[in-house]
Structure formats: structure tokens, C-alpha cells
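Structure first, then comments.
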Amino acid sequence: MAEAVAVQEELRSRVDLVGPGPSAPATVAGLDVAYAESGDLLAAAVTVLDTRTLEVVDRAVSVGRPAFAYVPGLFAFRELPALLAALDRLATRPELLVCDGHGLAHPRRFGLACHLGVVTDLPSIGVGKTPLVGVWTPPQAERGAWSPLRDGDEVVGRVLRTRSGVKPVFVSVGHRVSLDNAVAQVLALTPRHRLPETTRTADRLCRDALATATRR
DNA sequence: GCGACAG
DNA sequence: ATCTTGTCGC
Numbered sequence: 015m016a017e018a019v020a021v022q023e024e025l026r027s028r029v030d031l032v033g034p035g036p037s038a039p040a041t042v043a044g045l046d047v048a049y050a051e052s053g054d055l056l057a058a059a060v061t062v063l064d065t066r067t068l069e070v071v072d073r074a075v076s077v078g079r080p081a082f083a084y085v086p087g088l089f090a091f092r093e094l095p096a097l098l099a100a101l102d103r104l105a106t107r108p109e110l111l112v113c114d115g116h117g118l119a120h121p122r123r124f125g126l127a128c129h130l131g132v133v134t135d136l137p138s139i140g141v142g143k144t145p146l147v148g149v150w151t152p153p154q155a156e157r158g159a160w161s162p163l164r165d166g167d168e169v170v171g172r173v174l175r176t177r178s179g180v181k182p183v184f185v186s187v188g189h190r191v192s193l194d195n196a197v198a199q200v201l202a203l204t205p206r207h208r209l210p211e212t213t214r215t216a217d218r219l220c221r222d223a224l225a226t227a228t229r230r
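Sequential numbering of the first sequence, starting at 15, is according to this note's numbering.
Here it is, written out as C-alpha cells:
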């Protein structure tokens, strides 16, 4: 487990925090993982959406075993293998990865989104539903409002309101994307729901894959 | 020492 | 993450 931390400290030097990343990507990928109640089986899914129509144009899944125990801060080691396997099965090359979890908003500034970005060398961002690190003040109630997510004296992300009057999401940079662009991409992916269409479609796909794998 | 703690 | 019912609102 100490080795995992060492790996993060080593790889974090490869993170590109400047970006700014694609301003108008043609395709964006969503990644998510579902677990069986038994906890010994999981399904990872990647869906690639056409950013203009938000329709799924490519998809891939990977069923396997959790590669690591769930430890906050080392979360990537648990899902990364399966997610990479799913990414390898994609027929297309997405221009941006939208991860279900954090990027820089991590105790060592190397969350899942950073890890996935560095390993694939693809632009990536993290969109978390709940915080891992940082303090913030609630953003205004209107969609698009945000407030900085601060950890110590660093701004590690933004608390973004994707739907008026609904609980905000936590956006942070993963790799090769600027924070401004990360927020712009998330808003483009949330025309009607709190979570990006990318994570919603990936979530449905991995749940279906898990159900299929379980009943066999 | 006692909590908090992505999914 | 997963286990869970009804309910309020667009």
C-alpha cells in the first residue's frame, strides 16, 4: 500500500496541468465501474459520445475482479486495470476522458482522472459527486455557478452547479486540460441532468454488463 | 487519540 | 459502490 503511494508520487510529475485541452472535442468518453453485491466482481465501462448529439457512438466493457481494496486516496488502483482493459477494446480514440471521481482534488494531487490521463496520455478531467479533499462555499443556486475548491492554499478544483437548485458536482483537472476548459466541457455535457451524459451512459452500461455477467 | 474519507 | 419506498417537482 505504501508502494501505491510511491507510484502516485512518481507519476504525478507527468501530469500536464496547462492543457488547455480540446475546446470543441468531437468525441468525449465517460468511464464508470459497477460492483456486485458480493464485492468480488466488477464491470468497467467506457462510452464514447458524439459531443454534438450526445449520442453514444462507441462503447466497451470489461468484467473482472477489484484489483485493490477500497482505500480513499488509492481508489485508482482499484478500478484502473478494468478501465484500461475497456479502453483498449474501444474502436475509436476519444478526445477527452471524463472520469467518475477526482483528478487534482486528491490528497497527493493525483486522483483517478490524473492517473488515467497520464497512463493513456489522453486529456482527462474528474467529476466527483462528493468531496474527497478541500473546503468551499456553496455556489449560487443557478446552473453554471461555481466556487473554488481549496485545499490548503491551493485551488484544486471547482464546485459546480450543473442544474439549478440541485446539489453541485466537484470538477477537477486530470491531465492536459485547464480547469476553465474542464468546467466548460462539463457544462456542455449536462444540458439536462446533474451528472454528465458521459458518466450516465457509462453507468448504465457497466450495470448492464455486471447483471449479464452475474446471471451466468 | 478521534474523525473524515472519490467509488 | 451497494442495500432500499415513497414522494416531490420539472
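In this text, a Cβ means the ideal position worked out from N, Cα and C, and glycines have one as well.
If we count the other Cβ atoms within 10 Å of its Cβ and call it buried at 16 or more, is residue i buried or exposed?
i, result
"P108", "buried"
"S52", "exposed"
"A105", "exposed"
"T226", "exposed"
"P210", "buried"
"D135", "exposed"
What number of angstroms, rounded off, separates the C-alpha of residue i from the C-alpha of residue j?
i, j, result
"S161", "S138", "21 Å"
"V32", "G125", "17 Å"
"V169", "R230", "47 Å"
"S76", "T228", "13 Å"
"M15", "F89", "11 Å"
"P145", "D72", "30 Å"
"H207", "P152", "19 Å"
"V173", "V191", "17 Å"
"V187", "L111", "11 Å"
For residue i, which of helix, strand or coil comes out of DSSP?
i, result
"R66", "coil"
"P162", "strand"
"R221", "helix"
"V169", "strand"
"R73", "strand"
"T204", "coil"
"T61", "strand"
"L174", "strand"
Which same chain residues end up closer than 7 Å to residue i when comparing Cβ atoms and leaving out the 5 residues on each side of it in sequence?
i, result
"V132", "L25, R28, V29, H189"
"N195", "G33, P34, G35, S37"
"E69", "L63"
Along the chain, where does the alpha helix (DSSP H) containing residue i start, and where does it finish?
i, result
"G131", "126–134"
"Q154", "Taken as a continuous stretch (DSSP letters only), Q154 belongs to no alpha helix (DSSP H), as it is neither H nor E."
"A100", "89–102"
"A119", "First-last for A119: undefined, no H or E at that position."
Which residues in the same chain have their Cβ closer than 6 Å to the Cβ of residue i, if we skip the five residues on either side of it in sequence?
i, result
"D165", "V147, G148"
"Y49", "L56"
"Q22", "R122, F124"
May I ask which residues mark the beginning and end of the beta strand (DSSP E) holding residue i?
i, result
"A43", "41–49"
"F184", "183–189"
"D54", "Neither: D54 is in no beta strand (DSSP E) and is coded neither H nor E."
"D114", "111–114"
"V141", "138–142"
For residue i, collect the residues of the same chain with a Cβ closer than 8 Å to its Cβ; drop the 5 residues on either side in sequence, then sort them by chain order.
i, result
"G179", "A155"
"F82", "A18, L88, F91, R92"
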